[in-house]
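Note sheet for the following structure.
2 protein chains.
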Amino acid sequence: MNKEIFMDLLQAREFKAVRSILNVMNAVDIAALMSELEDKELALAFRLIPKTKAADVFANMNNSMQSYLVEIFTEKELKELLDELFLDDTVDLLEDLPANLVTRILEAVDQEKRTKINTLLNYPEDSAGSVMTTEYVDLKKTDTVRQALSHIKRTGIHKETIYTCYVLEHRRLLGIVSAKDLMTMDDDLTMEELMETEIISVSTHTDQEEVAKLFSKYDLLAIPVLDQDDLMVGIVTFDDAMDVIEEETTEDMALMGAVTPSEKGYFEASVFEHAKNRIVWLLVLMISATFTGMIITKYENAFAAVPLLVSFIPMLMDTGGNCGSQSSTLIIRGLALDEFEFKDIFRIMFKEFRVSLLVGAFLALANGLRIFLMYKDISLAIVVSLSLVATIIISKLIGCTLPLFAKKFHFDPAIMAAPLITTIVDTCSVMIYFQIATMIFHLSV
Amino acid sequence: MNKEIFMDLLQAREFKAVRSILNVMNAVDIAALMSELEDKELALAFRLIPKTKAADVFANMNNSMQSYLVEIFTEKELKELLDELFLDDTVDLLEDLPANLVTRILEAVDQEKRTKINTLLNYPEDSAGSVMTTEYVDLKKTDTVRQALSHIKRTGIHKETIYTCYVLEHRRLLGIVSAKDLMTMDDDLTMEELMETEIISVSTHTDQEEVAKLFSKYDLLAIPVLDQDDLMVGIVTFDDAMDVIEEETTEDMALMGAVTPSEKGYFEASVFEHAKNRIVWLLVLMISATFTGMIITKYENAFAAVPLLVSFIPMLMDTGGNCGSQSSTLIIRGLALDEFEFKDIFRIMFKEFRVSLLVGAFLALANGLRIFLMYKDISLAIVVSLSLVATIIISKLIGCTLPLFAKKFHFDPAIMAAPLITTIVDTCSVMIYFQIATMIFHLSV
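This is how it looks when you write it as structure tokens:
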């Protein structure tokens, strides 16, 4: 849909045309289109969306648009919206609204829904409980396929997903039946005969990242959430899992780039917020880089005697940093994908050690040859090459172990990425370099 | 399931017990369990899996297990497996098998399936055509809900997903009906009345990454694939989309850590392969770091006169590198999420410029103060602080623009991450530093 045409029609108050456009567009695209409107136009346009689609569009809007709409809605409009909105989307909305609007919403829903919302709001942030919905299809084990289908026809329309159905007995989960089974199996089979009893479930307190991993591992559409008494309280659906995966990847990448993760988009966050999210890391890293500087100062005599030594510092520091980043990146990603765990540390170290020997030998040779040809100085070539091999071995070992230790001690392994590793490795490489140089050139410190 | 118990039962030839365990476990876990078995045990265990589950387990196995099984299977076993295997999984399998086994498989399927497989194999790698399946539910626009449901009951069982149904007329896609609609709407409504006509589709040549993005944007379960004549040829299902997202993220992270991406897992790849995937980048970066070294050599007189200057090189280089990485990481991630595009470059540069002023001022102040207090040298403090501000501004501008240019020229923006940015920024920071130093200390070069 062309934005300009839509705006023009809206401003010309061509409601019929606007309505028919909104009628065929899907909710995600309508929300994106509306994000470009002024507040007043937004309210007008929102009221022209077909009733059946309005809640879905609302759920796809950003926070400031939602706040504005909740604020200007009449009581009746708000009630209509909340009736259509899935419970998990309502909770998402409440988590980000200012307090006065939260009160408005809680007053607009009935007692039963209010209780459910309050329960959901009480689960820890980023837990399965906080992202789940309590609307799902429940069946009895004695139901036949025919009965199940007619039960769904009567009650299913307001459930977020009806493709995975849950066979319950006194709120205890006995088994899972897919809509595919219901649609393709014999009408007289009972749920007890059909249901899958090896159930993959999570608890209300399971971290959302763990939940999301189960989705991609088992290709699930929904996962049941059980409370501490093993009673079923809700489901997490695959669209929420996809959002979580995206969110967690963004967070990991920010950390790996030495930025404090933020939930706001790039343009959404102000210049001041951006600066705040970056200064802390820069400060920490700057201070540790200062140590590297101090070590260099200690060897002032060395580079006074052989000034050329200084010119290899950037190459050694960078190569060390890059080698360390390579290892830490692979380990961080492997940990995120559950490819290995802490107990594999020795296997990993041994592998990285062998890789670093190969890489080190190759780079040292290339570099040593270059230095010898350029400066005709065999000692210098040997000093730089030896330092390079040692730096590469140490960088790779530091790069692969630190993320594993972070994981072991329940930190996010992503903090042990390029920036931090680089700074740590810098100090090591400069120390190794000058140590080797003073030895080979017989310099005094 | 406890691995040891399973092994013991298998070795003791307790087939009944093994079979009943395999009966309740799900396909993903069985595949994981089997990956720990020796070849011979693997063949034995695989034959004990219930027929209905065997193809699903097979699809979840790694390549070497699949190759082994295809090789030892009898003609009959192979036929049975291929009958149950979804077409997209069959194509995945063929793409990774040695040629003699490919021939074996193509001979085992019937003419019709062979033609379909060959068509799928001919689509470009990583295109929608290569990941799609040709098995989907098609309906006619005159079908009623009742007719549609009975059509699905007859034919649906072998379709990979039946949750999104396609209304076709002469293979042209008229609209989409969800299984939810079929299960909850009135039995006498026709597909024409029910169907969604604003269709999100892709072409056979669309890149799989673009396809995956549509899934998370619109929370889709399946997406129809059209050929060049706009005729429907298949669907991509959400489980494939999730795999693609995971694969692409892994690839991006590897690139951002200066590693050539590989499809093999960490332990799966040999030491030699690991070394090969890392050396190229290290070599390129090492050569460019050598330039930084040469620039330093040019200013030999400067640090001969003021040796302390050398000790601030690591801090400036690291801070510049980190600032650049911060910006490039945010931009790379934003591009991956379609948060912005090349045309936003000036808006982004302006934002990064303001952020760098704030960050620069803060860090320069902290650093200048420290240097002044430690060395009581106001000129030195000014030189380092000014260099720091200039470095930070330039790093952030380089860091934010390079990924945008990469995208513009159809490279993967992820290559413009920490390692490359760091090396480029290093050269700049050292140049700026010595330029300012020679000016303020009135040194001759």
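From first to last, the protein sequence lines are chains U and B.
The numbering of the first sequence is the working numbering, which starts it at 17 and goes up by one.
The numbering of the second sequence is the working numbering, which starts it at 17 and goes up by one.
Glycine is no exception: its CB is placed at the ideal position from the N, C-alpha and C atoms.
If you're wondering where the values come from, they're calculated on a predicted model, not measured in any experiment.
Asked: For the beta strand (DSSP E) that Y84/U lies in, which residues bound it at each end?; Found: It is not in any beta strand (DSSP E) - Y84/U instead sits in the alpha helix (DSSP H) that spans N79 to I88.
Asked: Any Cβ of chain B within less than 9 Å of the Cβ of E214/U?; Found: yes
Asked: How do the region 451-458 of chain B and the region 278-298 of chain B stand: do at least 3 beta-carbon pairs fall below 8 Å, yes or no?; Found: no
Asked: Can you tell which of V218/B, T335/B, F427/B and Q342/B has its C-alpha closest to the C-alpha of I239/B?; Found: V218/B
Asked: Does I394/U pass the burial test, meaning 16 or more other C-beta atoms within 10 Å, or should it be called exposed?; Found: exposed
Asked: Could you tell me whether the region 377-389 of chain U touches the region 397-409 of chain U, where touching means 3 or more Cβ pairs closer than 8 Å?; Found: yes
Asked: Assign V218/B to one of three DSSP states: helix, strand, or coil.; Found: strand
Asked: Output yes or no for whether 9 Å exceeds the beta carbon distance between I437/U and S411/U.; Found: yes
Asked: Can you tell which of Q127/U, K69/U, I312/U and N78/U has the C-alpha that lies nearest to the C-alpha of L101/U?; Found: K69/U
Asked: So is P419/U in contact with chain D if we call contact Cβ pairs under 9 Å?; Found: Checking the listed chains, one finds no chain D in this structure; the protein chains it contains are U and B.
Asked: Mind pulling the alpha helix (DSSP H) runs of 4 or more residues that sit fully within the region 76-161 of chain U?; Found: 79-88, 91-100, 103-112, 115-124, 127-137 and 144-147
Asked: Under 8 Å Cβ to Cβ from K19/B, same chain only, skipping five residues before and after it: list those, please.; Found: L49 and E52
Asked: Please tell me whether F22/B and A47/B are closer than 9 Å, where the distance is taken between their beta carbons.; Found: no
Asked: Quick one: grab the DSSP three-state call for V193/U.; Found: strand
Asked: How far does the alpha helix (DSSP H) with M365/B in it reach, from first residue to last?; Found: I361 to Y391
Asked: How is P66/B classed by DSSP in three states: helix, strand or coil?; Found: coil
Asked: In chain U, which residues lie less than 7 Å from R35/B when you measure between Cβ atoms?; Found: Under the 7 Å cutoff, chain U gives no residues; its nearest Cβ is about 14 Å from R35/B.
Asked: For a test of the three-state rule: what should DSSP assign to L198/B, helix, strand or coil?; Found: helix
Asked: Of all the options E57/U, A274/U, V40/U and N42/U, which has the alpha carbon lying nearest to the alpha carbon of L25/U?; Found: E57/U
Asked: Rounded to whole angstroms, how far is the Cβ of F283/U from the Cβ of A257/U, which I believe are closer than 8 Å?; Found: F283/U to A257/U, Cβ: 26 Å. No contact.
Asked: Taking DSSP as the reference, what is the three-state secondary structure of E176/U?; Found: coil
Asked: Taking only beta-carbon positions, decide if M272/B is within less than 9 Å of chain U.; Found: yes
Asked: Assign V63/U to buried or exposed, taking buried as 16 or more other Cβ atoms, counted over all protein chains shown, within 10 Å of its Cβ.; Found: Correcting the residue identity first, residue 63/U is Arg in this sequence and not Val. Counting Cβ neighbours within 10 Å, R63/U comes out exposed, since fewer than 16 surround it.
Asked: Just verifying my parser: in three-state terms, what is the DSSP assignment at Y315/U?; Found: coil
Asked: By DSSP, does M331/U sit in helix, in strand, or in coil?; Found: helix
Asked: Determine the contact status of A6/U and M331/B, defining contact as a CB-CB distance below 9 Å.; Found: Here chain U comprises residues numbered 17 to 461, so residue 6/U is not present and cannot be evaluated.
Asked: Looking at the unbroken beta strand (DSSP E) that takes in P419/U, where does it start and where does it end?; Found: No beta strand (DSSP E) contains P419/U, which is instead part of the alpha helix (DSSP H) from I394 to K424.
Asked: Whole angstroms is fine: what's the gap from F362/U's alpha carbon to K292/B's?; Found: 22 Å
Asked: Do you know offhand how far T220/U's Cα is from Y139/U's?; Found: 7 Å
Asked: Can you grab the Cα-Cα spacing for the pair L402/B / L373/B, in whole Å?; Found: 12 Å
Asked: If you drop the 5 nearest sequence neighbours on each side, which residues of the same chain put their C-beta closer than 8 Å to that of E128/U?; Found: none
Asked: Y315/U to S445/U, Cα distance in whole Å?; Found: 14 Å
Asked: Which residues of the region 223-250 of chain U have a Cβ closer than 8 Å to any Cβ of chain B? Give them in chain order.; Found: F231, S232, K233, Y234, D235 and L237
Asked: Out of Q342/U, N42/U, D112/U and L122/U, which has the shortest C-alpha to C-alpha gap to N79/U?; Found: D112/U
Asked: With C-beta atoms as the reference, is L237/B less than 9 Å away from T171/B?; Found: no
Asked: Could you name the residues of chain B that A75/U contacts, counting a contact when the two beta carbons are closer than 8 Å?; Found: Under the 8 Å cutoff, chain B gives no residues; its nearest Cβ is about 10 Å from A75/U.
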